[in-house]
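Trainee:
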Amino acid sequence: MNWNWDVAKDFLPDLLDGLVITLEATALGSVLAFALGLVWAMAFRSPSRFVRWPVSAVVEFIRNTPLLVQLFFFFYVLPTWDIKFSALTTGVIALGLHYSTYTAEVYRAGIDGVPVGQWEAATALSLSRGRTWLAVILPQAIRRVVPALGNYVIAMLKDSPMLALIGVVDMLQTARAEGSSSFNYIEPFTMVGIAFIVIAYPASLLMRALERRLGH
Amino acid sequence: MATETDHTNPAVDGSELIRFDQVTKRFGDNVVLDNLDFSVSSGKHVTLIGPSGSGKTTILRLLMTLLKPDEGTIKVDGDYLTHEDKGGKLVPAGEKHTREVRKKIGMVFQQFNLFPNMRVLRNITEAPVHVLGLDKDEAEVRARELLDLVGLGDKCDAYPTQLSGGQQQRVAIARALAMRPQVMLLDEVTSALDPELVAGVLDVLRDIAHTTDITMLCVTHEMNFARDISDDVLMFDSGRVIESGPPEKIFTEPEHERTREFLSAVL
Numbered sequence: 002m003n004w005n006w007d008v009a010k011d012f013l014p015d016l017l018d019g020l021v022i023t024l025e026a027t028a029l030g031s032v033l034a035f036a037l038g039l040v041w042a043m044a045f046r047s048p049s050r051f052v053r054w055p056v057s058a059v060v061e062f063i064r065n066t067p068l069l070v071q072l073f074f075f076f077y078v079l080p081t082w083d084i085k086f087s088a089l090t091t092g093v094i095a096l097g098l099h100y101s102t103y104t105a106e107v108y109r110a111g112i113d114g115v116p117v118g119q120w121e122a123a124t125a126l127s128l129s130r131g132r133t134w135l136a137v138i139l140p141q142a143i144r145r146v147v148p149a150l151g152n153y154v155i156a157m158l159k160d161s162p163m164l165a166l167i168g169v170v171d172m173l174q175t176a177r178a179e180g181s182s183s184f185n186y187i188e189p190f191t192m193v194g195i196a197f198i199v200i201a202y203p204a205s206l207l208m209r210a211l212e213r214r215l216g217h
Numbered sequence: 002m003a004t005e006t007d008h009t010n011p012a013v014d015g016s017e018l019i020r021f022d023q024v025t026k027r028f029g030d031n032v033v034l035d036n037l038d039f040s041v042s043s044g045k046h047v048t049l050i051g052p053s054g055s056g057k058t059t060i061l062r063l064l065m066t067l068l069k070p071d072e073g074t075i076k077v078d079g080d081y082l083t084h085e086d087k088g089g090k091l092v093p094a095g096e097k098h099t100r101e102v103r104k105k106i107g108m109v110f111q112q113f114n115l116f117p118n119m120r121v122l123r124n125i126t127e128a129p130v131h132v133l134g135l136d137k138d139e140a141e142v143r144a145r146e147l148l149d150l151v152g153l154g155d156k157c158d159a160y161p162t163q164l165s166g167g168q169q170q171r172v173a174i175a176r177a178l179a180m181r182p183q184v185m186l187l188d189e190v191t192s193a194l195d196p197e198l199v200a201g202v203l204d205v206l207r208d209i210a211h212t213t214d215i216t217m218l219c220v221t222h223e224m225n226f227a228r229d230i231s232d233d234v235l236m237f238d239s240g241r242v243i244e245s246g247p248p249e250k251i252f253t254e255p256e257h258e259r260t261r262e263f264l265s266a267v268l
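Protein sequence lines, in the order shown, are assigned to chains A and B.
Numbered according to our numbering, the first sequence terminates at residue 217, and the numbering increases by one at each position without gaps.
Numbered according to our numbering, the second sequence terminates at residue 268, and the numbering increases by one at each position without gaps.
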């Protein structure tokens with residue numbers, strides 16, 4: 002094994018460009034996953050089964066098909082229906098949608114964990130349904146599940162290299178490009194791996210600490 | 002106390018405020034309320050006593066619409082609670098109708114059920130602002146008055162978990178009063194409290210009972226308290242009212258054998 006520091010140094014700027022894209026995809030994907038997941042979780046609690054059933058079916062379908070299939074579907078099929086997004090936007094939508102089916106379960110657990118007395122107190126005060134969710138239930142439910150949501154952000158970060166397969170120039174893609182142009186593979190791929198560890202490991206430590214703090 | 006003068010209760014003349022008509026409630030095969038008829042006049046303080054499982058709490062929960070009756074109707078201040086009168090026909094009420102009727106009712110729970118994510122003051126102002134449409138400043142002024150009334154004027158900025166059980170329950174009472182209800186439902190409000198904290202809560206309720214014209218419907222095991230505040234005591238057994246009357250009568254010379262047994266067990 003021969004590690005060449007010069008190659009590593011040359012690759013660093015590209016890596017950082019790729020890192021920005023990776024973080025961007027993860028951050029935007031997370032925002033989408035958090036928002037959509039919340040919509041699914043609230044729909045699971047809808048009084049109408051015409052809301053509950055279709056939403057449950059769609060969520061199960063998305064969760065039980067591979068992210069990569071969804072990614073390719075969005076990237077290759079949507080444009081044929083004249084729905085066109087950039088590769089990055091497509092990737093963010095696929096990541097966010099896929100992970101929203103997991104965050105929905107996390108929210109569901111959080112919502113179920115709010116004591117029934119809280120719903121009853123809200124009823125006794127005649128709070129509207131919207132106000133009950135917004136002011137009473139969600140603040141308590143979300144607080145409990147922040148660490149679990151954080152863990153899905155880390156998982157999403159580690160799934161983000163899939164976006165390279167539809168041409169998003171994330172960290173992995175920059176490493177592939179470096180390899181194919183200079184035939185140096187060790188340095189770029191190693192550095193990509195290290196970059197993931199450097200972000201993901203402290204993040205998971207942070208989530209564990211949060212879990213301890215919010216736990217009982 | 003501000004609510005006393007503010008509290009314009011149009012039906013304080015002793016007219017019928019609550020009426021249960023042939024109400025039946027079952028949980029599975031268990032008949033908790035059995036064709037129950039009873040009514041409460043405006044301004045009265047009525048205590049429901051009886052062995053656990055006799056349906057007392059179910060009555061409060063039906064009134065608060067936390068449960069729906071299987072049969073029969075409930076009227077509050079002349080309006081059906083869970084039904085609507087549509088062209089002479091009684092149909093199940095929509096959410097909006099129920100919410101309007103429900104606004105006349107406040108409830109204090111055994112487990113307090115304060116909102117732990119809000120400070121004490123906001124626990125009290127949340128519903129007046131978002132349900133009654135009160136201005137935030139006005140709601141806060143009223144909330145502070147109510148907190149003074151329950152002896153917790155210095156706890157506005159505390160979170161519920163920083164308070165003792167007795168203090169939390171007094172905040173819960175203030176929160177219910179802030180909605181200016183015509184009826185207060187008190188569901189075993191001291192049962193979850195340490196013994197030394199019970200008196201403080203009961204003192205507050207006595208004060209409210211004696212200085213306001215709010216109708217009270219109270220489920221309690223505190224017989225001395227029931228004797229102090231009640232105009233009427235209803236003795237429940239197996240989903241029926243088996244005896245009712247003023248506290249002096251029920252507690253000293255009950256007619257029914259079951260009442261005697263029950264009272265000798267709890268007094």
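Glycine included, every Cβ here is placed at the ideal spot set by N, Cα and C.
Which residues does DSSP pair with residue 84 (chain B) in a beta bridge?
Mentor: Partner(s): B:93.
Trainee: So the candidates are A:19, A:213 and A:198; which of them puts its Cα closest to the Cα of residue 176 (chain A)?
Mentor: It is A:19.
Trainee: Whole-angstrom Cβ separation of residue 170 (chain B) and residue 202 (chain B), contact assumed at under 8 Å?
Mentor: Confirmed, about 5 Å.
Trainee: If we ignore side chains and look at the alpha-carbon of each, how far apart do residue 112 (chain B) and residue 65 (chain A) end up?
Mentor: The straight-line gap from Cα to Cα measures roughly 41 Å.
Trainee: Just to make sure I have the definition right: I need the residues of chain B whose C-beta is within less than 7 Å of the C-beta of residue 46 (chain A). Which are they?
Mentor: Here the premise fails: no neighbours, minimum Cβ distance about 15 Å.
Trainee: How many angstroms separate the CA atom of residue 73 (chain A) from the CA atom of residue 26 (chain A)?
Mentor: The alpha-carbon atoms of residue 73 (chain A) and residue 26 (chain A) are separated by roughly 16 Å.
Trainee: If I measure Cβ to Cβ from residue 252 (chain B) and keep anything under 6 Å in the same chain, skipping five residues before and after, which residues do I get?
Mentor: Cβ neighbours of residue 252 (chain B) beyond the five flanking positions: 228.
Trainee: Hey, which unbroken runs of the alpha helix (DSSP H) at 4 residues or more fall wholly within the region 110-149 of chain B?
Mentor: For the region 110-149 of chain B, whole alpha helix (DSSP H) runs of length 4 or above, ordered along the chain, are 121-131.
Trainee: Any beta-carbon of chain B closer than 8 Å to the one on residue 122 (chain A)?
Mentor: By this cut-off, residue 122 (chain A) is an interface position.
Trainee: Taking a cut of 7 Å between CB atoms, which residues from the region 134-151 of chain B lie near chain A?
Mentor: Answer set for the region 134-151 of chain B: empty.
Trainee: To the nearest angstrom, how far is it from the Cα of residue 124 (chain B) to the Cα of residue 217 (chain B)?
Mentor: Residue 124 (chain B) and residue 217 (chain B): Cα-Cα distance of roughly 22 Å.
Trainee: What residue ranges within the region 212-238 of chain B form continuous beta strand (DSSP E) runs of no fewer than 3 residues, ordered along the chain?
Mentor: Here the runs fully enclosed are 216-220 and 233-238.
Trainee: Closest to residue 105 (chain B) by CA distance: which of B:192, B:19 and B:256 is it?
Mentor: When only C-alpha atoms are compared, the closest one is B:19.
Trainee: Starting from the Cα of residue 249 (chain A), find the closest Cα among A:113, A:99 and A:192 and give me that residue.
Mentor: Only positions 2 to 217 of chain A appear in this structure, which leaves residue 249 (chain A) out of reach.
Trainee: With DSSP run on the structure shown, which of helix, strand or coil describes residue 248 (chain B)?
Mentor: Note: residue 248 (chain B) maps to helix in three-state DSSP.
Trainee: Only counting runs of 3 or more residues, tell me where the beta strand (DSSP E) segments fall wholly within the region 30-62 of chain B, in order along the chain.
Mentor: The region 30-62 of chain B contains these whole beta strand (DSSP E) runs: 31-42 and 46-50.
Trainee: Of all Cβ atoms in chain B, is any one closer than 8 Å to the Cβ of residue 49 (chain A)?
Mentor: No, because no Cβ of chain B sits closer than 8 Å to the Cβ of residue 49 (chain A).
Trainee: Residue 168 (chain A) by DSSP, collapsed to three states: which one?
Mentor: It is coil, neither helix nor strand.
Trainee: Using only the heavy atoms of the ligand GTP, determine whether one of them is closer than 7 Å to the beta carbon of residue 190 (chain B).
Mentor: In the structure on display, the ligand GTP does not appear, and there are no ligands present to speak of.
Trainee: So does the region 138-147 of chain A actually touch the region 110-127 of chain A, counting three or more Cβ pairs closer than 8 Å?
Mentor: The answer is yes - the region 110-127 of chain A touches the region 138-147 of chain A, with three or more Cβ pairs under 8 Å.
Trainee: According to DSSP, is residue 28 (chain B) part of a helix, a strand, or is it coil?
Mentor: Three-state DSSP puts residue 28 (chain B) in a strand.
Trainee: Leaving out five residues before and five after residue 47 (chain B) in sequence, what residues of the same chain have Cβ atoms less than 6 Å from its Cβ?
Mentor: The answer, listed in chain order, is 41, 218 and 233.
Trainee: Would you say residue 88 (chain A) and residue 167 (chain A) are within 8 Å of each other, going by their C-beta atoms?
Mentor: Contact: yes.
Trainee: Tell me whether the region 48-58 of chain B and the region 201-208 of chain A touch, counting them as touching only if at least three CB pairs, one residue from each stretch, are closer than 8 Å.
Mentor: Judged by Cβ distances under 8 Å, the region 48-58 of chain B makes no contact with the region 201-208 of chain A, as fewer than three pairs qualify.
Trainee: At the level of alpha carbons, what is the spacing between residue 27 (chain B) and residue 83 (chain B)?
Mentor: For residue 27 (chain B) and residue 83 (chain B), the distance between alpha carbons rounds to 16 Å.
Trainee: Please report how far the alpha carbon of residue 91 (chain A) lies from the alpha carbon of residue 131 (chain A), in whole angstroms.
Mentor: Approximately 32 Å between the Cα atoms of the pair.
Trainee: Quick check: the region 54-62 of chain B against the region 234-242 of chain B, are there 3 or more CB pairs under 8 Å?
Mentor: Contact holds: three or more Cβ-Cβ distances are below 8 Å.
Trainee: On the DSSP bridge list, what partners appear for residue 107 (chain B)?
Mentor: B:185.
Trainee: Please classify residue 119 (chain A) as buried or exposed, where buried requires at least 16 neighbouring CB atoms within 10 angstroms.
Mentor: Burial call: buried.
Trainee: Do you know how far the Cα of residue 178 (chain B) is from the Cα of residue 226 (chain B)?
Mentor: Going by the C-alpha atoms only, they are around 20 Å apart.
Trainee: Going by the CB atoms, is the gap between residue 199 (chain B) and residue 121 (chain B) shorter than 8 Å?
Mentor: Cβ atoms of residue 121 (chain B) and residue 199 (chain B): not closer than 8 Å.
Trainee: Below 8 Å on the Cβ atoms is my guess for residue 37 (chain A) versus residue 98 (chain A); work out the distance and round it to an integer in Å.
Mentor: The Cβ separation is near 7 Å, so the contact holds.
Trainee: Suppose the cutoff is 8 Å on Cβ atoms and the five residues either side in sequence are ignored; what does the same chain contact list for residue 69 (chain A) look like?
Mentor: 163 and 166.
Trainee: Please classify residue 191 (chain A): does DSSP put it in a helix, a strand, or coil?
Mentor: If DSSP states are grouped into helix, strand and coil, residue 191 (chain A) belongs with the helices.
Trainee: Within a Cβ cutoff of 7 Å, which residues of the same chain sit near residue 194 (chain B), ignoring the five residues on either side of it in sequence?
Mentor: Contacts found: 166, 167, 170 and 202.
Trainee: Determine the extent of the beta strand (DSSP E) in which residue 72 (chain B) is found, giving its start and end residues.
Mentor: First-last of the beta strand (DSSP E) with residue 72 (chain B): 72-77.
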